[in-house]
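Chemist: Per the working numbering, residue -11 is the first one in the sequence shown, and the count goes up by one each step.
Note that beta-carbon positions come from the ideal geometry of N, C-alpha and C, so glycine has one too.
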Amino acid sequence: MSVLTLGDLPDVNVWVALGAPDHPHHAAAAAYWRAASGRRLRFCRTTHLGMLRILSQPAAMRDRALDIRSVWLAGQQVLAQPGVAMEAEPTGLDALLACWTDTLRWPARMWTDAYLAAFASAAHLRLVSFDADFARFPDLHWLHLAPTPSEAA
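#1: Using the DSSP secondary-structure output, state which residues sit across from residue -2 in a beta bridge.
#2: Please state whether DSSP places residue 8 in a helix, a strand or coil.
#3: Please report the distance separating the alpha-carbon of residue 39 from that of residue 1.
#4: Does the count of Cβ pairs from the stretch 47 to 57 and the stretch 23 to 31 closer than 8 Å reach three?
#5: Hey, would you say the C-beta of residue 20 is under 6 Å away from at least one heavy atom of the ligand SAM?
#6: Straight-line CA distance for residue 35 to residue 75?
#7: For residue 110, which residues in the same chain have their Cβ closer than 6 Å to its Cβ, ignoring the five residues on either side in sequence?
#8: Could you give the distance in angstroms between the alpha-carbon of residue 132 and the alpha-carbon of residue 103?
#9: Please determine, among 41, 6, 68, the residue with the shortest C-alpha to C-alpha distance to residue 55.
#10: With a Cβ-Cβ cutoff of 7 Å, do residue 13 and residue 19 count as a contact?
#11: What are the uninterrupted segments assigned as beta strand (DSSP E) that are 3 or more residues long and contained completely in the stretch 5 to 86, given in chain order?
#12: Are the CB atoms of residue -5 and residue 43 nearer to each other than 7 Å?
#13: Sorted by chain position, which residues of the same chain lie with C-beta nearer than 7 Å to residue -11's C-beta, five sequence neighbours on each side aside?
#14: If you run the structure through DSSP and keep just helix, strand and coil, what is residue 104?
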């Protein structure tokens, strides 16, 4: 099925892997970044704040965790990259979420995933993620990134 999209909405896991060279999925995220050259890459507020939270979290980043000011500035540097921008919440997002709550079942831990899937669908964006759970959302245009062979080893 050919779907017209207006760009990509990378999931938090993609943005974090891009921002952390020693992240287990950095090579796959970097390959995606290179391949996406020229595409519109979008944050939503949830993915942006999620990236900032994880990159400043010592439990996740250990001694590479950034302080609050540094992580904010790093986030602004990413947003300043050509083709990268913040996407406003699209019309139709709540209606799509409401429909899915009537027709789909997902574990409570997946509310944010459901939001991102609905956001991407309503905004005509392709969702990009390492997370296979997005397969449960009907008609979602998404790219499931896989670790590179060296990352999977």
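Modeler: In brief:
#1: Paired residue(s): 116.
#2: Residue 8 falls in the coil class under three-state DSSP.
#3: Cα-Cα distance, rounded: 8 Å.
#4: Output reads no: the stretch 23 to 31 does not touch the stretch 47 to 57.
#5: With respect to the ligand SAM, the structure offers nothing, as it holds no ligand at all.
#6: So the two alpha carbons sit approximately 10 Å from each other.
#7: Counting only Cβ-Cβ distances below 6 Å, and skipping sequence neighbours, we find 78, 80, 81, 84.
#8: Between the alpha carbons of residue 132 and residue 103 lies a gap of roughly 17 Å.
#9: The residue with the shortest Cα to Cα distance from residue 55 is 41.
#10: No, the pair does not count as a contact, with Cβ atoms beyond the cut-off.
#11: With a minimum length of 3 residues, the continuous beta strand (DSSP E) runs that stay inside the stretch 5 to 86 are 29 to 31, 72 to 74.
#12: Cβ atoms of residue -5 and residue 43: not closer than 7 Å.
#13: Confidence at residue -11 is low in this model, with a pLDDT of 42, below 50, so its placement is unreliable and the value that follows should be read with caution. None.
#14: The answer is helix: DSSP assigns residue 104 an H, G or I state.
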